[in-house]
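Peer 1:
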Amino acid sequence: MKFHFSRKQLCIPYAVFLVCFVLIPMFIIVFYAFTAPVMENGVQVGITFSFDNLVDLFTNPTKLLNMGRSILIGLLTTVICLLIAYPVAYILARSGIRRNAVLLLLFIVPMWVNFVLRVNALKELLSWIGILGASDFWNYFNTVLGMVYDFLPFMILPLYTTLLKIDNSYVEAAKDLGASAPVAFWKVTLPLSYPGIVSGITMVFLPSMTNYVVSTLLGNGKVGIIGSLIEQSFLNSQWNAGSMMALLLLVVMFVSTWLTGGFQNEDAASSRGGNLW
Amino acid sequence: MENTNDTIIELIDVSRQFDENTIAVDHVNLRIKKGEFVTFLGPSGCGKTTTLRMIAGFDLPTGGQILLNGKDISLLPPNKRPINTVFQRYALFPHLNVFENVAFGLKLKRIPKEGKSVKLSKEEISKKVRHALEIVDLEGFEKRDVTTLSGGQQQRIAIARAIVNEPEILLLDEPLGALDLKMRKEMQIELKEMHRKLGITFIYVTHDQEEALTMSDTIVVMADGTIQQIGTPVEIYNEPNNVFVADFIGESNIFSGAMVGKLKVKFCGKEFACLDDFETGQLVDIVVRPEDVKMVSPEEGQLKGKIISVVFKGVHYEITALCGKNEIVIQSTQSKTVGEEIGMILTPDDIHIMEKAFLTNKYDGYITKKNTVCFGDGEFECDVTQLYPGSHLDEEGYLITKEGKKIDLTDVDVKVEVGLHDISMSDNIDAGGATGHIISIIYKGDHYAYIVRTDETEEDFVFDCEDLWNENDHVSILIPADKIKLTLARPEEEKE
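The structure is reproduced here in structure tokens:
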């Protein structure tokens with residue numbers, strides 16, 4: 042039979058790529074997460090199914106502590122980013138003139154400078170000021186500072202695109218109906234920018250929970266978060282425990298995306314603006 | 002001020018300037034009576050929407066005053082004005098349902114009660130919302146999501162959202178623009194009906210002359226930021242103030258002519274009796290509506306012509322006859338054949354005469370080193386010797402007067418005058434002294450009246466031309482050197 046070339050065949054490379062680099066690795070993670078090595082005289086002789094990793098995850102005090110810390114740092118970073126980014130994005134979007142592109146660029150360009158370089162530069166700066174590793178408080182402070190510095194653009198961008206798309210006539214309509222400027226903002230602009238807020242939160246909260254480079258460098262090694270635990274697990278050949286933690290993050294990510302409506306129909310998501318991905 | 006009690010809103014000398022070169026609204030004076038249905042009519046960019054936005058409070062005037070019930074509200078924010086707006090694209094809040102949209106204004110409202118100002122109760126709000134939805138014929142839509150409604154329904158919700166607040170004035174910014182023709186006709190009748198029932202003042206903005214004629218008590222025709230004419234639909238249609246209004250409202254034949262005697266006007270090479278009294282010798286524009294031209298046999302007609310086209314338009318035929326060099330458009334229920342000779346009769350009643358708005362182009366300019374003149378955003382060759390009678394130029398370009406005095410004309414300010422027939426256009430941008438875009442074309446029987454506006458300082462060149470160009474064409478302006486009339490701006494001041 043003659044080979045028929047159709048558009049469907051163009052998908053094959055992508056399908057192969059997805060299977061090799063997404064599906065198979067995911068299965069490997071799931072596999073490792075729910076198995077444990079069978080040891081005999083210090084030598085691994087087999088593999089067995091086990092819930093040990095899962096149980097350990099919720100009973101091991103170090104892990105629990107690190108998870109709690111991750112969530113705390115993630116929350117703090119997200120809230121601070123949101124508080125800084127919203128006014129910036131609002132001003133950039135509302136003043137509505139072309140030169141804003143330049144201003145926006147100023148906030149975005151740092152993103153293009155190598156990440157490790159940026160964090161190290163900040164570290165040098167903090168140690169020059171003298172607050173690097175000064176106390177527990179400063180360790181946390183510096184970590185969150187680094188995270189905010191790092192993730193701010195990811196909060197500004199989706200907010201900016203959403204706010205830019207909000208037609209000024211909505212605000213005018215609110216004022217026309219008797220709302221003062223603050224009320225019009227509270228009742229119209231803010232609810233309409235919700236998709237941008239959600240998209241910004243998703244892009245900041247989860248990455249900041251796991252960004253151990255920042256927490257290690259700026260927290261003076263004292264602020265352990267779940268990301269650093271995962272790294273250590275794999276470095277110490279505890280693949281099973283590491284996989285379980287990675288899997289947990291995957292689930293958290295999935296659930297939070299689902300809760301905030303990230304799996305909505307692409308049309309609905311894009312018509313509301315906001316979803317950068 | 003007479004009739005102050007009747008007047009709800011008054012615009013006194015109101016201007017809105019966006020930047021140095023853009024004046025959206027230019028010294029507008031207008032008084033609107035309580036309960037009137039007023040329409041701002043004009044082409045896009047004529048300032049009608051800006052005027053409306055200043056009344057609503059979204060734009061603040063850069064000059065003049067807006068009085069509401071005699072009080073100055075020029076600088077009051079929109080939420081403090083008892084005026085509500087129906088927006089062009091409705092601007093319904095997509096995150097709220099129909100009920101919440103309509104109730105938006107009510108929930109913010111404070112009413113005085115026992116000496117305090119209190120919010121409306123839930124019951125009062127639902128009652129009012131229900132009533133407003135009844136008025137717009139959308140009872141039972143409270144829970145619907147606004148994004149699921151059709152254009153016509155959204156339109157009605159937008160109206161309900163505005164009228165539920167019981168404003169003194171309802172502003173409507175081209176509210177029917179997004180609807181299809183049939184829906185638009187229905188809504189026109191409904192809006193008129195609503196206006197009658199509510200008894201409040203409606204200010205309506207549209208570029209659709211038919212809509213304006215159908216719905217309004219008063220039409221305000223605007224162009225270029227200024228009011229061209231204020232009047233009832235009948236007045237505007239039958240007695241247009243100028244060529245622009247005549248051309249914009251309905252179909253018209255516009256001719257150039259002159260008064261040749263008491264109540265006598267001459268155009269198309271014939272004299273006609275007329276009703277408008279102008280001085281003999283005055284140059285005038287004449288407007289004749291196509292439906293007013295009566296066709297008769299060639300022998301009986303005041304004008305004779307040959308039919309060059311017949312188009313069936315449903316109710317009538319649109320017949321174009323060539324009479325000498327003039328094309329005359331006729332609307333008639335009779336059909337004719339192309340090539341037929343006909344006669345045409347115009348009774349005094351049908352001839353509308355208006356003063357020529359523009360007789361000559363005038364500019365301020367100055368003379369350059371090369372003895373050319375700069376004006377109207379360009380530089381033109383000219384004959385500078387006309388500034389001093391009997392003078393001539395020497396080899397170095399200095400002007401030698403009759404008395405033998407040597408004058409350097411560089412930078413001398415002059416007044417420049419160019420006649421309507423002395424300007425021509427070229428599509429070769431480098432050919433002429435100035436360049437600009439055609440912003441207006443009005444057909445005048447045997448020629449077109451053009452206005453070309455220059456790009457930089459927005460100077461206008463007004464002239465007649467027999468060829469048809471397109472609006473917005475980019476052209477250069479040609480003026481023969483001997484047609485540029487120069488006079489000294491300050492004759493007493495002589496440069497040595």
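Quick note, the sequences are listed as chains L and C, same order.
Numbers 42 to 318, taken from the numbering used here, label the letters of the first sequence in order.
Numbers 2 to 497, taken from the numbering used here, label the letters of the second sequence in order.
Quick reminder that beta carbons are idealized off the backbone N, C-alpha and C, glycines included.
1. Specify the secondary structure class of Pro232 (chain L) as computed by DSSP and reduced to three states.
2. For Gln303 (chain C), which residues from the same chain have a beta carbon less than 8 Å from its beta carbon, with the 5 sequence-adjacent residues on both sides left out?
3. Determine the contact status of Phe88 (chain C) and His196 (chain C), defining contact as a CB-CB distance below 7 Å.
4. What residues of chain L sit near Pro44 (chain C), judged by a beta carbon separation below 9 Å?
5. Report the rounded CA-to-CA distance for Phe295 (chain L) versus Val185 (chain L), giving the unit in angstroms.
6. Does the Cβ-Cβ distance between Tyr364 (chain C) and Phe376 (chain C) come in under 7 Å?
7. First and last residue of the beta strand (DSSP E) that includes Ile33 (chain C)?
8. What are the boundary residues of the alpha helix (DSSP H) that Val1 (chain C) is part of?
9. According to a CB-to-CB cut-off of less than 9 Å, which residues of the region 230-264 of chain L neighbour chain C?
10. Using beta carbons (cut-off 7 Å, strictly below), is Thr86 (chain C) in contact with chain L?
11. Taking C-beta pairs closer than 8 Å, name the residues in chain L that Phe464 (chain C) reaches, listed in chain order.
12. Going by alpha carbons, who is nearest to Ile287 (chain C) out of C:Lys314, C:Asp277, C:Ile255, C:Glu300?
13. Between Asp93 (chain L) and chain C, is any beta-carbon pair separated by less than 7 Å?
14. Keeping to the same chain, check which residues put their C-beta closer than 8 Å to that of Thr251 (chain L); ignore five residues upstream and five downstream.
15. If you run the structure through DSSP and keep just helix, strand and coil, what is Asp146 (chain C)?
16. Beta-carbon separation of Asp14 (chain C) and Lys34 (chain C) under 7 Å?
17. Which term fits Lys406 (chain C), buried or exposed, when burial requires 16 or more other beta carbons within 10 angstroms of its beta carbon?
18. In three-state DSSP terms, what is Ser45 (chain C)?
19. Using beta-carbon positions only, say whether Glu342 (chain C) and Pro291 (chain C) come within less than 7 Å of one another.
20. Taking 6 Å as the cut-off, does the CB of Lys129 (chain C) come closer than this to any heavy atom belonging to the ligand FMN?
21. Pick out the complete beta strand (DSSP E) segments inside the region 411-448 of chain C, 3 residues or longer, and give them in chain order.
22. How would you label His422 (chain C), buried or exposed, when you count the other beta carbons within 10 angstroms and need 16 or more for buried?
23. Strictly below 9 Å CB to CB, what residues from chain C border Ala134 (chain L)?
24. Along the region 187-220 of chain L, where does the CB come closer than 8 Å to a CB of chain C? Name the residues.
25. Round the Cβ separation of Gln155 (chain C) and Leu93 (chain C) to the nearest angstrom and send it over; I've been treating them as touching at under 8 Å.
26. Quick one: what does DSSP say Asn183 (chain L) is sitting in, helix, strand or coil?
27. If you pair each beta-carbon of the region 117-125 of chain C with each one of the region 197-209 of chain C, do three or more pairs fall below 8 Å?
28. Given a threshold of 16 other Cβ atoms within 10 Å of its Cβ, counted over all protein chains shown, does Met196 (chain L) qualify as buried or as exposed?
29. Assess, as a yes-or-no matter, whether the region 176-187 of chain C is touched by the region 60-77 of chain C under the definition of 3 or more beta carbon pairs within less than 8 Å.
30. Applying the criterion that 16 or more other CB atoms from any shown protein chain within 10 Å of the CB defines a buried residue, is Ala142 (chain L) buried or exposed?
31. Could you have a look at Ala162 (chain L) and say whether DSSP puts it in helix, strand or coil?
32. Using 8 Å as the Cβ pair cut-off and three pairs as the minimum, do the region 102-115 of chain C and the region 215-230 of chain L touch?
33. Taking 7 Å as the threshold (beta carbon to beta carbon), is Leu487 (chain C) in contact with chain L?
34. What residues from chain L crowd round His96 (chain C), counting only those whose CB sits closer than 9 Å?
35. Can you tell me which of C:Asn166, C:Gly152, C:Pro168 puts its alpha carbon nearest to the alpha carbon of Pro176 (chain C)?
36. Quick check on the DSSP output: the alpha helix (DSSP H) that includes Arg131 (chain C) runs from which residue to which?
Peer 2: Put simply:
1. Your numbering for residue 232 (chain L) matches position 191 in the first sequence. For Pro232 (chain L), the three-state secondary structure derived from DSSP is helix.
2. For the purposes of this step, residue 303 (chain C) is identified with residue 302 of the second sequence, where counting begins at 1. Cβ neighbours of Gln303 (chain C) beyond the five flanking positions: Lys271, Phe273, Gly344, Met345, Ile346, Leu347.
3. To locate residue 88 (chain C), count along the second sequence from 1; it is residue 87. To locate residue 196 (chain C), count along the second sequence from 1; it is residue 195. No, they are not a contact pair.
4. The sequence position of residue 44 (chain C) within the second sequence is 43, counting from 1. Neighbours of Pro44 (chain C) on chain L: none; closest Cβ ~22 Å, over 9 Å.
5. Residue numbering aside, residue 295 (chain L) sits at position 254 when the first sequence is read from its first letter. Residue numbering aside, residue 185 (chain L) sits at position 144 when the first sequence is read from its first letter. The straight-line gap separating the alpha-carbon atoms of Phe295 (chain L) and Val185 (chain L) is approximately 24 Å.
6. Stepping through the second sequence from its first residue, residue 364 (chain C) is reached at position 363. Stepping through the second sequence from its first residue, residue 376 (chain C) is reached at position 375. Going by C-beta atoms, Tyr364 (chain C) is nearer than 7 Å to Phe376 (chain C).
7. By one-based count along the second sequence, residue 33 (chain C) stands at place 32. For Ile33 (chain C), the enclosing beta strand (DSSP E) starts and ends at 23-34.
8. Outside the displayed range of chain C (2 to 497) lies residue 1 (chain C), so it cannot be described from this structure.
9. Along the region 230-264 of chain L, the positions whose C-beta sits under 9 Å from a C-beta of chain C are Pro232, Leu233, Tyr235, read in chain order.
10. As a working note, residue 86 (chain C) is residue 85 in the second sequence. Residue-level contact check: Thr86 (chain C) touches chain L, since one or more beta carbons of chain L fall below 7 Å from its beta carbon.
11. One-based indexing of the second sequence puts residue 464 (chain C) at position 463. What Phe464 (chain C) touches in chain L: nothing, since even the nearest Cβ is about 37 Å away.
12. Along the second sequence, one-based indexing puts residue 287 (chain C) at 286. Among C:Lys314, C:Asp277, C:Ile255, C:Glu300, the Cα nearest to that of Ile287 (chain C) is on C:Ile255.
13. As a first step, residue 93 (chain L) must be located in the first sequence, where it is residue number 52. Judged by the 7 Å Cβ criterion, Asp93 (chain L) is not in contact with chain C.
14. Walking along the first sequence from the start, residue 251 (chain L) turns up at place 210. These residues qualify, in order along the chain: Ser111, Ile266, Ile267, Gly268, Ile271, Leu290.
15. Here residue 146 (chain C) refers to the residue found at position 145 of the second sequence. When secondary structure is reduced to three states using DSSP, Asp146 (chain C) falls in the strand class.
16. Translated into positions along the second sequence, residue 14 (chain C) becomes position 13. Translated into positions along the second sequence, residue 34 (chain C) becomes position 33. Not a contact, by the Cβ cut-off of 7 Å.
17. Looking up residue 406 (chain C) in the second sequence gives position 405. That one is exposed.
18. The residue labelled residue 45 (chain C) in the question sits at position 44 within the second sequence. Three-state DSSP puts Ser45 (chain C) in coil, outside helix and strand.
19. Start at 1 with the first residue of the second sequence, and residue 342 (chain C) comes out as number 341. Start at 1 with the first residue of the second sequence, and residue 291 (chain C) comes out as number 290. Between Glu342 (chain C) and Pro291 (chain C), the gap from beta carbon to beta carbon reaches 7 Å or more.
20. As presented, the structure is devoid of all ligands, the ligand FMN included, so that no description of it is given.
21. Counting only runs of 3 or more, we get 414-420, 425-427, 435-444.
22. Numbered from 1 along the second sequence, position 421 holds the residue referred to as residue 422 (chain C). Result: exposed.
23. Locating residue 134 (chain L) in the first sequence gives position 93, counting from the first residue. Within 9 Å of the CB of Ala134 (chain L), no CB atom of chain C is found; the nearest one sits about 17 Å away.
24. Asp208, Ser210, Tyr211, Glu213, Ala214, Ala215, Lys216, Asp217, Leu218, Gly219, Ala220: these are the residues of the region 187-220 of chain L whose beta carbon lies less than 8 Å from some beta carbon of chain C, given in chain order.
25. Mapped onto the second sequence, residue 155 (chain C) falls at position 154. Mapped onto the second sequence, residue 93 (chain C) falls at position 92. For Gln155 (chain C) against Leu93 (chain C), the beta-carbon gap comes to about 6 Å, under 8 Å, which counts as contact.
26. What you label residue 183 (chain L) is simply residue 142 of the first sequence in a count that begins at 1. Asn183 (chain L): helix per DSSP, three-state reduction.
27. When C-beta atoms of the region 117-125 of chain C are compared with those of the region 197-209 of chain C, fewer than three pairs fall below 8 Å, so the two segments do not count as touching.
28. On the first sequence, residue 196 (chain L) is found 155 positions in, with the first residue counted as 1. Buried.
29. Segments in contact, no.
30. Here the question's residue 142 (chain L) lines up with position 101 in the first sequence. Burial call: exposed.
31. Position 121 of the first sequence holds residue 162 (chain L). The three-state reading of DSSP puts Ala162 (chain L) in helix, counting H, G and I together.
32. Under the 8 Å Cβ criterion, the region 102-115 of chain C counts as touching the region 215-230 of chain L, having at least three qualifying pairs.
33. Here the question's residue 487 (chain C) lines up with position 486 in the second sequence. Closer than 7 Å: no.
34. Residue numbering aside, residue 96 (chain C) sits at position 95 when the second sequence is read from its first letter. For His96 (chain C), the neighbours in chain L by C-beta distance under 9 Å run, in chain order, Val229, Pro232, Leu233, Tyr235.
35. Position 175 of the second sequence, counting from 1, holds the residue named residue 176 (chain C). Checked all of C:Asn166, C:Gly152, C:Pro168; the closest Cα to Pro176 (chain C) is C:Gly152.
36. Against the second sequence, residue 131 (chain C) aligns to sequence position 130. It spans 123-136 - the alpha helix (DSSP H) in which Arg131 (chain C) sits, taken as one unbroken run.
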